[in-house]
Amino acid sequence: MLASWKQLIFQILLLLISCRHINTTSPDPTPPPLVPIDSLPRDVRRAAFKGEGQIEKVELLNPVNLELVCTWTGHQNKESNITGFWRKDGLEIENSHLTVQLENEQYQLQQVFNIVSEENLGNYSCVFESEVKIDFVVAVPQIGEIRDKPVVTYVGDSGVITCKMEDSKPMPNTWKWYKANGTDKEEIFAAAEPQRYEIKNNERKTKLLVNNLTMADSGLYYCGAVYTLSTSMGHVELKVITYYEPLKPFMAIVAEVFILVTAILLFERSRSKKNDTEGDMMSDQTNTLSPGENNGLEGSSSMRQRKT
Amino acid sequence: MPPAAATNLGYTPPDGGWGWAIVVGAFISIGFSYAFPKSLTIYFKDIQEYFAVSYSEIAWVSSVMLASMYAAGPVSSILVNRYGSRPVVMVGGVMVSTGMVLASFGTAIIHLYLCIGVIGGFGLAFNLQPALTIIGTYFQVKRPLANGLAMTGSPVVLFTLAPLNQFLLDSFGWRGSFLILGGIVLNCCVAGSLMRPVNKKALKKTEKTEPPECNGGAAEEAATVDTITQSDNLTEENQKESKSQGCVNRFIDISLFKHRGFLIYLIGNVVMFFGFFAPVVFLAPCAKHKGIDEYSAAFLLSIFALADMFIRPTTGFIGNTKWIRPRIQYFFSFAVSYNGVCHLLFPLASEYTGLVVYAVFFGFAFGMLSALLFEVLMDLVGAHRFSSAVGLVTIIECGPVLLGPPLSGALVDIFGDYKYMYYACGVFMLVPGIFFFIMHYFNYRRLDKERGQIVAVDVRTCEEAVELKTNPDDKAAHDTDE
Numbered sequence: 001m002l003a004s005w006k007q008l009i010f011q012i013l014l015l016l017i018s019c020r021h022i023n024t025t026s027p028d029p030t031p032p033p034l035v036p037i038d039s040l041p042r043d044v045r046r047a048a049f050k051g052e053g054q055i056e057k058v059e060l061l062n063p064v065n066l067e068l069v070c071t072w073t074g075h076q077n078k079e080s081n082i083t084g085f086w087r088k089d090g091l092e093i094e095n096s097h098l099t100v101q102l103e104n105e106q107y108q109l110q111q112v113f114n115i116v117s118e119e120n121l122g123n124y125s126c127v128f129e130s131e132v133k134i135d136f137v138v139a140v141p142q143i144g145e146i147r148d149k150p151v152v153t154y155v156g157d158s159g160v161i162t163c164k165m166e167d168s169k170p171m172p173n174t175w176k177w178y179k180a181n182g183t184d185k186e187e188i189f190a191a192a193e194p195q196r197y198e199i200k201n202n203e204r205k206t207k208l209l210v211n212n213l214t215m216a217d218s219g220l221y222y223c224g225a226v227y228t229l230s231t232s233m234g235h236v237e238l239k240v241i242t243y244y245e246p247l248k249p250f251m252a253i254v255a256e257v258f259i260l261v262t263a264i265l266l267f268e269r270s271r272s273k274k275n276d277t278e279g280d281m282m283s284d285q286t287n288t289l290s291p292g293e294n295n296g297l298e299g300s301s302s303m304r305q306r307k308t
Numbered sequence: 001m002p003p004a005a006a007t008n009l010g011y012t013p014p015d016g017g018w019g020w021a022i023v024v025g026a027f028i029s030i031g032f033s034y035a036f037p038k039s040l041t042i043y044f045k046d047i048q049e050y051f052a053v054s055y056s057e058i059a060w061v062s063s064v065m066l067a068s069m070y071a072a073g074p075v076s077s078i079l080v081n082r083y084g085s086r087p088v089v090m091v092g093g094v095m096v097s098t099g100m101v102l103a104s105f106g107t108a109i110i111h112l113y114l115c116i117g118v119i120g121g122f123g124l125a126f127n128l129q130p131a132l133t134i135i136g137t138y139f140q141v142k143r144p145l146a147n148g149l150a151m152t153g154s155p156v157v158l159f160t161l162a163p164l165n166q167f168l169l170d171s172f173g174w175r176g177s178f179l180i181l182g183g184i185v186l187n188c189c190v191a192g193s194l195m196r197p198v199n200k201k202a203l204k205k206t207e208k209t210e211p212p213e214c215n216g217g218a219a220e221e222a223a224t225v226d227t228i229t230q231s232d233n234l235t236e237e238n239q240k241e242s243k244s245q246g247c248v249n250r251f252i253d254i255s256l257f258k259h260r261g262f263l264i265y266l267i268g269n270v271v272m273f274f275g276f277f278a279p280v281v282f283l284a285p286c287a288k289h290k291g292i293d294e295y296s297a298a299f300l301l302s303i304f305a306l307a308d309m310f311i312r313p314t315t316g317f318i319g320n321t322k323w324i325r326p327r328i329q330y331f332f333s334f335a336v337s338y339n340g341v342c343h344l345l346f347p348l349a350s351e352y353t354g355l356v357v358y359a360v361f362f363g364f365a366f367g368m369l370s371a372l373l374f375e376v377l378m379d380l381v382g383a384h385r386f387s388s389a390v391g392l393v394t395i396i397e398c399g400p401v402l403l404g405p406p407l408s409g410a411l412v413d414i415f416g417d418y419k420y421m422y423y424a425c426g427v428f429m430l431v432p433g434i435f436f437f438i439m440h441y442f443n444y445r446r447l448d449k450e451r452g453q454i455v456a457v458d459v460r461t462c463e464e465a466v467e468l469k470t471n472p473d474d475k476a477a478h479d480t481d482e
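For the record, the sequence lines run as chains B and X.
Under this note's numbering, think of the first position of the first sequence as 1, with each following residue one higher.
Under this note's numbering, think of the first position of the second sequence as 1, with each following residue one higher.
Structure (structure tokens):
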């Protein structure tokens with residue numbers, strides 16, 4: 001019985017130690033997830049310092065144990081020990097200060113981060129001696145190919161907005177659509193209003209159809225590519241205008257054409273009147289002219305015909 | 001020698017004056033006819049998304065428009081022969097405008113095929129033929145220059161429409177843009193209103209007042225003659241024979257198929273058009289395939305358009321010089337062959353500089369050919385029959401023009417490389433070029449022989465006329481003629 005008590009105490013001790021370990025590596029205000037940490041796959045990303053403002057992109061889809069490794073060859077006078085620490089989103093991670101030893105002519109910092117939810121995503125930086133920094137942007141795949149110009153549609157017409165995840169990036173689990181409402185986003189549920197909204201999802205493409213547009217439908221629409229960790233957003237602007245908008249330039253151009261045509265034909269008529277007064281004496285048979293040249297549109301020559 | 005025989009039009013074309021206003025009108029009409037179908041491609045992506053169709057289905061709109069424009073050629077010719085240029089152009093402008101306005105309200109892709117494709121295409125055909133025909137009635141001596149200037153409309157309008165269309169799309173979407181384009185294309189009616197029919201009476205009178213001169217007539221003729229004088233004099237006899245057919249000939253001149261020059265032109269053109277448009281269509285995709293980014297590839301097209309724009313009036317001017325004008329068919333053959341050589345050498349270009357050089361040379365070649373394309377036809381058949389000729393030529397060219405790009409695309413797909421397509425296009429242009437050189441050499445020789453015969457005949461009839469008029473002067477006339 002004493003042995004089983006010892007085993008139980010030993011297990012409790014182990015549990016306490018592992019709990020404390022979790023608390024120091026991920027500064028989460030929320031309690032850790034129920035998924036056992038060790039069962040997560042491990043993803044290792046390495047980076048060697050090349051220059052200022054170095055940014056490495058880390059694309060993740062699912063929860064992982066992310067190990068980030070930074071190496072630096074150091075200054076010319078290489079000291080044997082330097083300090084290094086980690087930052088997340090610009091804020092220093094507690095208890096992350098380490099003393100780094102010079103091994104194989106370089107310094108190496110490594111740390112394992114549990115990326116399990118959206119809060120774990122962000123900008124992780126490893127810093128050597130508060131001067132040399134490498135940034136790791138840990139995020140879900142971003143939508144690259146998205147329309148930057150607004151989609152212009154008309155009142156009463158239907159509008160189509162598409163979003164696409166490139167072939168080079170992993171496919172999302174599903175797609176969601178949101179409409180901007182002030183600074184908030186409201187999710188669009190096509191099932192709730194089937195006459196108004198229609199969402200067509202393909203694996204890599206999603207299409208939002210908005211029918212019976214009104215002026216109120218103008219604004220920003222967000223498409224979200226849903227991955228296990230988080231949703232990556234892209235936005236497209238929809239502009240709804242009335243038919244009067246293009247009608248105004250159209251009428252202006254038609255008026256311009258009408259004015260020019262009338263001016264040219266009037267000018268021609270006045271010229272031909274002058275010529276007629278000279279040529280009336282000499283003109284004899286006009287029958288040789290082909291009948292086609294005298295048409296209703298051409299006032300001048302038909303007038304000439306009538307005179308002679 | 002009566003100067004009327006030199007032109008055989010029955011009057012002396014003004015070669016200036018209101019003719020330059022005609023050139024402006026033709027510039028607008030020709031510009032819209034060629035540039036409008038090409039510029040609509042900017043809207044395709046948006047329309048494709050809106051109607052949820054594939055790219056090839058939307059590309060059909062351009063093809064149907066081009067096909068209608070070429071197929072409606074004979075209809076346009078018949079109308080021009082009957083009613084003159086002005087009403088046809090104005091009706092054409094109204095048709096394209098109506099087509100675009102209706103298309104802006106379309107609810108299915110088939111509406112676009114019908115409105116833009118069929119109605120628009122017909123309207124553009126009613127713009128192209130009359131514009132070309134009326135130049136022939138106003139110009140004789142300066143005709144190559146007038147043609148070159150008028151054909152410059154195509155690259156200039158395309159250059160203007162491309163950024164304008166992008167702006168319209170961003171501001172109004174495709175529907176509003178089609179509505180506004182319907183308005184813009186209505187300016188063809190303005191062009192049509194400029195196309196006053198030439199005043200043949202006034203110009204005829206000036207000829208009648210001049211006394212017929214028999215002495216030195218042959219020398220005068222050499223200055224302004226072109227091949228029409230000989231061909232027209234000969235085919236007049238053919239025409240008298242076929243007038244017994246009557247009805248058809250009043251509308252369109254089928255006897256052209258017996259015309260030697262016309263047949264040479266037709267055969268050469270049909271082969272040539274297989275390789276004419278494809279290199280333009282594939283220039284940007286080929287550049288992207290070689291690793292050039294999208295903006296630089298688009299810039300190549302701009303360079304091509306600028307070279308094209310510059311060379312067309314220049315070609316017209318060169319074609320008008322006294323060294324080239326009498327043998328303008330050779331100049332055209334050179335232009336066709338130059339195109340072929342350009343395409344054959346294209347695969348040598350690998351980096352961007354090579355492509356830029358190619359774009360410049362190809363721009364020159366394309367422009368040269370386009371500027372001369374209709375001038376040589378006018379030169380061969382004469383202004384009288386040009387209207388029917390161009391109608392027949394366009395409907396027969398319809399096939400190669402439509403089949404050319406898809407066939408080239410198929411070549412690219414089969415071989416996975418653009419160079420075989422360029423080799424094929426090069427061959428398709430070089431062979432007709434050489435064909436033209438050879439055939440026109442023989443044609444010119446025959447025409448010179450026939451001209452010699454006509455001069456002899458004319459001199460004899462002139463002598464007889466002089467004999468009848470003044471008997472005592474008989475011997476004096478004989479002496480001066482010899």
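Note that beta-carbon positions come from the ideal geometry of N, C-alpha and C, so glycine has one too.
Owing to the predicted nature of the structure, the values given are computational and were not obtained by experimental measurement.
Check: residue i C-beta below 7 Å from any heavy atom of the ligand GDP
i               : result
K248 of chain B : The ligand GDP is not part of this structure, which contains no ligands at all.
Delimiting residues of the alpha helix (DSSP H) encompassing residue i
i               : result
Y55 of chain X  : 55-71
V459 of chain X : 419-469
C189 of chain X : 187-194
T133 of chain X : 121-138
R45 of chain B  : Segment 42-48 is the beta strand (DSSP E) holding R45 of chain B; no alpha helix (DSSP H) there.
R87 of chain B  : From DSSP, R87 of chain B is part of no alpha helix (DSSP H) but of the beta strand (DSSP E) over 81-88.
Cβ of residue i within 8 Å of any chain B Cβ
i               : result
G176 of chain X : yes
P13 of chain X  : no
V24 of chain X  : no
I180 of chain X : yes
G382 of chain X : no
Which listed residue (the options) has its alpha carbon closest to that of residue i
i               : options                       : result
K169 of chain B : B:G84, B:V152, B:C163, B:R204 : B:R204
P326 of chain X : X:Y43, X:A35, X:R86, X:P144   : X:P144
C188 of chain X : X:I396, X:F32, X:L468, X:H289 : X:F32
K201 of chain X : X:G106, X:F428, X:F172, X:Y11 : X:Y11
P155 of chain X : X:L266, X:S76, X:F304, X:S77  : X:F304
Range covered by the beta strand (DSSP E) that runs through residue i
i               : result
T99 of chain B  : 98-101
E59 of chain B  : 54-59
T174 of chain B : 174-181
A335 of chain X : Here A335 of chain X belongs to no beta strand (DSSP E); instead the alpha helix (DSSP H) covers 328-345.
H235 of chain B : 231-241
Contact set for residue i: own chain, Cβ-Cβ below 7 Å, skip 5 residues either direction
i              : result
M95 of chain X : I119, F122, G123, F126
Inter-residue Cα distance where the pair is residue i and residue j
i               : j               : result
F334 of chain X : I324 of chain X : 12 Å
V240 of chain B : V132 of chain B : 50 Å
F267 of chain B : V257 of chain B : 15 Å
L402 of chain X : A67 of chain X  : 7 Å
G90 of chain B  : S62 of chain X  : 55 Å
R46 of chain B  : I55 of chain B  : 12 Å
F136 of chain B : K88 of chain B  : 9 Å
Y107 of chain B : V138 of chain B : 23 Å
I484 of chain X : V381 of chain X : The structure shown does not extend to residue 484 of chain X, since chain X spans only 1 to 482, so no value can be given for it.
D276 of chain B : R269 of chain B : 10 Å
A72 of chain X  : V393 of chain X : 11 Å
L158 of chain X : W20 of chain X  : 22 Å
Short CB-CB distance (under 8 Å) between residue i and chain X
i               : result
P172 of chain B : no
F250 of chain B : yes
P194 of chain B : no
I264 of chain B : yes
Same chain, Cβ closer than 8 Å to residue i, neighbours up to 5 away in sequence not counted
i               : result
E397 of chain X : Y70, N269, V270, F273
G176 of chain X : S104, L168
Chain-order list of residues whose beta-carbon lies under 6 Å from that of residue i (same chain, five-residue window excluded)
i               : result
P37 of chain X  : S62, M65, L66
S26 of chain B  : Legend: pLDDT at S26 of chain B = 46, less than 50; position of this residue unreliable, no value from coordinates given.
I438 of chain X : none
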